[in-house]
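*Asks:*
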Amino acid sequence: MTTGDADTSGVSQSGTVSTTSSDSSGDGSTGTTGPSAPICGDGIVDGDEECDDTNDIADDRCHQCTKNRWIFASAALHNDPTWGGVEGADSLCRQYALQSGRADDSWTTFIAWMSDSENDVRDRLYPGRGRYVRTDGVVVAETFDRFFSGSVAAPINVDEHGNQDIGGGVVTGTSPDGTAAPGTHCEDWTVKNLTNFAAYTGGVSSTDERWTMDLDPQFNPVPCAGLNARFYCVEGK
Numbered sequence: 001m002t003t004g005d006a007d008t009s010g011v012s013q014s015g016t017v018s019t020t021s022s023d024s025s026g027d028g029s030t031g032t033t034g035p036s037a038p039i040c041g042d043g044i045v046d047g048d049e050e051c052d053d054t055n056d057i058a059d060d061r062c063h064q065c066t067k068n069r070w071i072f073a074s075a076a077l078h079n080d081p082t083w084g085g086v087e088g089a090d091s092l093c094r095q096y097a098l099q100s101g102r103a104d105d106s107w108t109t110f111i112a113w114m115s116d117s118e119n120d121v122r123d124r125l126y127p128g129r130g131r132y133v134r135t136d137g138v139v140v141a142e143t144f145d146r147f148f149s150g151s152v153a154a155p156i157n158v159d160e161h162g163n164q165d166i167g168g169g170v171v172t173g174t175s176p177d178g179t180a181a182p183g184t185h186c187e188d189w190t191v192k193n194l195t196n197f198a199a200y201t202g203g204v205s206s207t208d209e210r211w212t213m214d215l216d217p218q219f220n221p222v223p224c225a226g227l228n229a230r231f232y233c234v235e236g237k
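With the UniProt record's numbering applied, the sequence shown covers 1 to 237.
1. Hey, Y232 and M213 are a contact pair by Cβ (cut 8 Å); roughly how many whole angstroms apart?
2. Please state if the CB of D120 and the CB of A180 are separated by a distance shorter than 8 Å.
3. If we cut at 8 Å on Cβ distances, does D56 have a partner in chain B?
4. Give me the DSSP bridge partner(s) of R69.
5. Return the chain-ordered list of same chain residues with a C-beta closer than 7 Å to the C-beta of G130, the five sequence neighbours on each side being excluded.
6. Is the distance from the Cβ of V204 to the Cβ of N157 below 8 Å?
7. Nearest to G183 by alpha carbon, out of S117, N193 and F148?
8. With burial defined as no fewer than 16 other Cβ atoms inside 10 Å of the residue's Cβ, what is the status of S149: buried or exposed?
9. Out of curiosity, what's the CA-to-CA distance linking P176 and D216?
10. Starting from C186, follow the alpha helix (DSSP H) in both directions and report where the run begins and ends.
11. Going by DSSP in three states, D27 sits in which element: helix, strand or coil?
12. In whole angstroms, what is the alpha-carbon distance linking V138 and A154?
13. By the DSSP assignment, the beta strand (DSSP E) with A141 in it spans what residues?
14. State the Cα-Cα distance for the pair L227 and D52, rounded to the nearest angstrom.
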């Protein structure tokens with residue numbers, strides 16, 4: 001055999017056999033590890049974490065790296081449904097949240113728990129990963145989906161200032177599943193008319209479906225000019 005016939009693959013001209021790194025994993029990977037999973041408690045908001053405050057205090061604004069979002073019933077009562085639709089109600093909720101001094105920069109994200117003929121509140125509400133709590137720290141909904149289950153964990157009878165055991169009705173226009181109640185919603189919350197029975201309300205003292213809408217026709221709907229009700233205001237993103 002001549003030298004030219006020899007297989008020289010893997011051999012240098014000096015006769016030294018060269019080596020290359022081999023895959024020892026058996027799966028074709030190079031052994032390179034990907035980004036590490038988020039670590040709750042390291043103070044770094046990463047991955048699907050909404051917050052990370054390095055502690056395990058359940059009652060602060062961050063719980064298990066998800067955000068505790070405020071929900072309250074407005075201290076103000078509304079007897080004239082001409083606040084300019086759901087957007088107008090959202091604007092009022094943001095004012096209430098700002099004035100309370102409890103919502104930090106998140107006051108701009110609040111919306112009213114309110115539907116109209118074109119908008120279901122379940123589509124308007126930000127789907128937070130954490131819990132929804134009253135301004136006194138009591139949990140109202142453990143998850144976003146709890147709002148649409150037909151009940152809540154605690155009555156929403158605390159206002160933006162933390163005053164407890166307030167009473168009264170709440171204008172919602174919203175069925176227990178988060179969709180709009182039937183009717184015109186006082187022409188989408190723009191018309192005051194005693195003969196127009198189109199406002200649906202819930203009650204702040206209830207935890208069953210009546211928290212958002214009493215299904216008894218004896219109580220709903222009420223006349224558009226006969227309201228004297230609060231708003232539910234819920235923090236968003």
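The beta-carbon is built from N, C-alpha and C at its ideal position, and this holds for glycine as well.
*Replies:* This is what the structure gives:
1. Stepping through the sequence shown from its first residue, residue 232 is reached at position 232. Stepping through the sequence shown from its first residue, residue 213 is reached at position 213. That belief does not hold up - the Cβ atoms of Y232 and M213 are roughly 12 Å apart, past 8 Å.
2. Here residue 180 refers to the residue found at position 180 when the sequence shown is read from its first residue. Here residue 120 refers to the residue found at position 120 when the sequence shown is read from its first residue. Their beta carbons are under 8 Å apart, which means A180 touches D120 by this criterion.
3. Reference to chain B is not applicable here, since this structure consists of a single protein chain.
4. To locate residue 69, count along the sequence shown from 1; it is residue 69. BP columns for R69 point to Y132.
5. Along the sequence shown, read from residue 1 onward, the residue named residue 130 stands at position 130. Closer than 7 Å at Cβ, skipping near neighbours: E50, H63, T66, K67, N68 and R69.
6. Position 204 of the sequence shown, counted from the first residue, corresponds to residue 204. Position 157 of the sequence shown, counted from the first residue, corresponds to residue 157. The answer is yes: Cβ separation under 8 Å.
7. Taking the first residue of the sequence shown as position 1, residue 183 is located at position 183. Considering only S117, N193 and F148, the residue with the shortest C-alpha distance to G183 is S117.
8. Position 149 of the sequence shown, counted from the start, is the residue given in the question as residue 149. Classification of S149: exposed, given that the 10 Å Cβ count is below 16.
9. Reading the sequence shown from its first residue, position 176 is the one you call residue 176. Reading the sequence shown from its first residue, position 216 is the one you call residue 216. Rounded to whole angstroms, P176 to D216 spans 13 Å at the Cα level.
10. Taking the sequence shown and counting its residues from 1, one reaches residue 186 at position 186. Judged by DSSP secondary structure, C186 falls within the alpha helix (DSSP H) whose first and last residues are H185 to W189.
11. As a first step, residue 27 must be located in the sequence shown, where it is residue number 27. In this predicted model, D27 has a pLDDT of only 47, less than 50, meaning its place in the structure is not dependable; the value taken from the coordinates is given anyway. Taken through DSSP and simplified to helix, strand or coil, D27 comes out as coil.
12. Position 138 of the sequence shown, counted from the first residue, corresponds to residue 138. Position 154 of the sequence shown, counted from the first residue, corresponds to residue 154. Roughly 7 Å separates the two Cα atoms.
13. Your numbering for residue 141 matches position 141 in the sequence shown. V139 to A141 is the extent of the beta strand (DSSP E) around A141.
14. Within the sequence shown, residue 227 is the residue found at index 227, counting from 1. Within the sequence shown, residue 52 is the residue found at index 52, counting from 1. The alpha-carbon separation between L227 and D52 amounts to approximately 42 Å.
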